[in-house]
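Below is one structure, written out as structure tokens; comments come after it.
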Amino acid sequence: MIHPTEPQNGRTSKRGHHGQFPTGAGGRQDVWPLFARDGSTPFQFLRSSPLGAVENSDGLVRPINDLSFPYDQPSIPSVNSFVDKDDFSTTWDDFNTVASFFRNNTHQLQLGLFDWEKAYHQIPTKMDQCPYLLVRDFEGNLLLDTRITFGGVAGCGSFGRPADAWKEIMIAEFHLVHVFWWVDDNLFVKATDSTTSMANIVQRLLQLGVKTNEKKYSEFTNKQNFIGFLWDGTNQTVELPPGKREERIKQIEAFLIPGEKFSINDAMVIAGRLNHVTYILPQLRCYIHSTYQWQREWYNPSARRSITEEMRADLSQWKFTLEHFLPTRLIPDPCPTDVGWVGDASTSYGIGVLVGSRWARFRLTRDPPQDQPGNWIAWLETVAIWLGLLMLLDIGASPGKVFIVHHR
Numbered sequence: 544m545i546h547p548t549e550p551q552n553g554r555t556s557k558r559g560h561h562g563q564f565p566t567g568a569g570g571r572q573d574v575w576p577l578f579a580r581d582g583s584t585p586f587q588f589l590r591s592s593p594l595g596a597v598e599n600s601d602g603l604v605r606p607i608n609d610l611s612f613p614y615d616q617p618s619i620p621s622v623n624s625f626v627d628k629d630d631f632s633t634t635w636d637d638f639n640t641v642a643s644f645f646r647n648n649t650h651q652l653q654l655g656l657f658d659w660e661k662a663y664h665q666i667p668t669k670m671d672q673c674p675y676l677l678v679r680d681f682e683g684n685l686l687l688d689t690r691i692t693f694g695g696v697a698g699c700g701s702f703g704r705p706a707d708a709w710k711e712i713m714i715a716e717f718h719l720v721h722v723f724w725w726v727d728d729n730l731f732v733k734a735t736d737s738t739t740s741m742a743n744i745v746q747r748l749l750q751l752g753v754k755t756n757e758k759k760y761s762e763f764t765n766k767q768n769f770i771g772f773l774w775d776g777t778n779q780t781v782e783l784p785p786g787k788r789e790e791r792i793k794q795i796e797a798f799l800i801p802g803e804k805f806s807i808n809d810a811m812v813i814a815g816r817l818n819h820v821t822y823i824l825p826q827l828r829c830y831i832h833s834t835y836q837w838q839r840e841w842y843n844p845s846a847r848r849s850i851t852e853e854m855r856a857d858l859s860q861w862k863f864t865l866e867h868f869l870p871t872r873l874i875p876d877p878c879p880t881d882v883g884w885v886g887d888a889s890t891s892y893g894i895g896v897l898v899g900s901r902w903a904r905f906r907l908t909r910d911p912p913q914d915q916p917g918n919w920i921a922w923l924e925t926v927a928i929w930l931g932l933l934m935l936l937d938i939g940a941s942p943g944k945v946f947i948v949h950h951r
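So the number in my numbering is just where the residue sits in the sequence shown, counting from 1, plus 543.
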């Protein structure tokens, strides 16, 4: 590696690189040859990082420049350590943003989908930053990518700035209600009487010089798959895409096989998948803590471990819920509502619950036994929450709502 602050001429390869990383994209011209025929280079010093790669869903390989390397070496700080990612904020639209929009809308809408073509590689890097962005390939060559690379902490924000501007242009030039975007996916929203088509939008993008995947866009319709969920602009509902619920059930069943052992990567993957589902099934969040606790107890990353009994019980609850819940859900309200709910528990009397101007008290039929194990006050507080939920349902609370609970 070349030190980032001192010009050096060592550890460079004069073989250069006049091709491109084999991504299968074909015709990419954003990888420069590093050395001229006489061996000269335009940079006084260079810095290389390890080359990584991941396989895309289409089978192509995406190169990654590990700009966080080296790790735990204060004398050679990484490129990422010089960057404050807060300086590159962007307006990504997550589940809560999209759900809030649909929940507050009373009109029927149509949805269209658009995918950027090689999103990050449409944004060039500055010339004075290039010496820090070299990567060494598997043959010892040094490659210089002149576009935003995967692996930099500022990558998302750097792409986000032109993407935000592009979104504003689309809203201004077409008859649209709104545009959402998450990385390289964009959800277009229009009224049912609008004549705008996705073909018109793609044509305009090509005129603006935006590389567009002309095959990966969906014309306006009632439903579209965005950020892993199927949104319905007509009925204001959200659900898992077709087959996704069955897929999650099978993945959970694999963990419930007696005696089966798993890697820490398996643990992180199942936790991420379940956490994603909690956006439409928030009541299952309390059944995911055991999975994260299982991860924290992994002292040897290379070891394989069986799930805990607590996790087995929680995953069984997940499996039961996924098998029986209605797949189509009204878009939930992610913002908690304070209804003046106060719960109090006492082992000397019982439970009191206040919901707004309504209240109820429940007296213990007998004192809790002191000679038996268990935290009786914690049990009573749990019962207080359950009784409060029954009161809310009786009052007429909508399913899927989130409420703030105060305990005394």
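Every residue, glycine too, gets a C-beta built ideally from N, C-alpha and C.
Item, Value
"Among G886, Q838, A596 and G899, which has the Cα closest to the Cα of W922?", "G886"
"Assuming N778 and E660 are in contact, meaning their beta carbons sit under 8 Å apart, how far apart are those beta carbons, in whole angstroms?", "Incorrect: roughly 32 Å between the Cβ atoms, too far for contact."
"Only counting the same chain, and skipping five residues up and downstream in sequence, which positions put a Cβ closer than 7 Å to that of V720?", "L652, V732, K733 and A734"
"Closest by CA to P606, which one among Y614, H650 and L687?", "L687"
"For K804, I'd like the list of residues in its chain whose CB is within less than 8 Å of its CB, leaving aside the five on either flank, ordered along the chain.", "R847, R848 and S849"
"Does the structure place the stretch 605-625 close enough to the stretch 669-679 that three or more beta carbon pairs sit under 8 Å?", "yes"
"Tell me, which residues are paired with G595 by DSSP?", "I607"
"Once you ignore the five residues that flank K759 on each side, which residues in its own chain have a CB closer than 7 Å to its CB?", "D658"
"Quick one: using the 10 Å Cβ neighbour count with 16 as the cut-off for buried, is V781 buried or exposed?", "buried"
"Could you tell me the alpha carbon to alpha carbon distance between D727 and P784, rounded to whole angstroms?", "19 Å"
"So within the stretch 739-796, which uninterrupted alpha helix (DSSP H) runs reach at least 4 residues, ignoring any that extend past its ends?", "741-750"
"Taking V882 as the reference, which of T925, E840 and H949 has the closest Cα?", "H949"
"With DSSP as the reference, identify every bridge partner of R848, one or two as the case may be.", "F805"
"Determine the extent of the beta strand (DSSP E) in which V729 is found, giving its start and end residues.", "The amino acid at residue 729 is misidentified as Val; the sequence shows Asn. Taken as a continuous stretch (DSSP letters only), the beta strand (DSSP E) holding N729 covers D728 to A734."
"Which two residues bound the contiguous beta strand (DSSP E) that contains I894?", "G893 to V898"
"F657 bridges to which residues according to DSSP?", "N729 and Y760"
"In terms of residues, what are the limits of the beta strand (DSSP E) holding R828?", "Segment: none, R828 is in no beta strand (DSSP E) and carries neither H nor E."
"Should A706 be labelled buried (16 or more other beta-carbon atoms within 10 Å of its own) or exposed?", "buried"
"For L817, collect the residues of the same chain with a Cβ closer than 6 Å to its Cβ; drop the 5 residues on either side in sequence, then sort them by chain order.", "I831"
"Taking a contact to mean a Cβ-Cβ separation below 8 Å, would you say W884 touches I947 in this structure?", "yes"
"Could you say which of G752, E840, S859 and K754 lies nearest to I792 if we only look at CA atoms?", "S859"
"Between the alpha carbons of M866 and I795, how many angstroms are there, rounded?", "According to the sequence shown, residue 866 is Glu rather than Met. When rounded, the distance between both Cα atoms is 11 Å."
"By the DSSP assignment, the alpha helix (DSSP H) with L685 in it spans what residues?", "Looking at the DSSP string, L685 is not in any alpha helix (DSSP H); the run it does join, the beta strand (DSSP E), is L685 to D688."
"DSSP has F723 in a bridge; who is on the other side?", "L730"
"Using the DSSP secondary-structure output, state which residues sit across from H949 in a beta bridge.", "V885"
"Return the residue from the list F798, T925, I920 and S737 that minimises the CA-CA distance to A856.", "F798"
"Can you give me the Cβ contacts of S833 inside the same chain, cut-off strictly under 7 Å, excluding the 5 residues immediately before and after it?", "T851, E853, M854 and D857"
"Taking R909 as part of the beta strand (DSSP E), name the residues at either end of that continuous run.", "Neither: R909 is in no beta strand (DSSP E) and is coded neither H nor E."
"For I928, collect the residues of the same chain with a Cβ closer than 8 Å to its Cβ; drop the 5 residues on either side in sequence, then sort them by chain order.", "G886 and V948"
"Taking DSSP as the reference, what is the three-state secondary structure of S624?", "helix"
"Between which two residues does the beta strand (DSSP E) holding R590 run?", "Note, R590: premise wrong, no beta strand (DSSP E); not H, not E."
"Specify the secondary structure class of W484 as computed by DSSP and reduced to three states.", "Outside the displayed span of the chain (544 to 951) sits residue 484, for which this structure offers no information."
"Leaving aside the five residues before and after I874 along the sequence, list all residues of the same chain whose C-beta is less than 7 Å from its C-beta, in chain order.", "A642, F645, R646, Q779, T780 and V781"
"How close, in whole Å, do the beta carbons of K754 and L654 come, if the pair is a contact with beta carbons under 8 Å?", "With 8 Å as the limit, K754 and L654 do not qualify as a contact, their Cβ atoms being about 23 Å apart."
"Just to confirm my understanding: we take I807, look at its own chain, exclude 5 residues before and 5 after, and list those with CB closer than 6 Å. What are they?", "W841 and P844"
"In the structure shown, what three-state DSSP assignment does L869 receive?", "coil"
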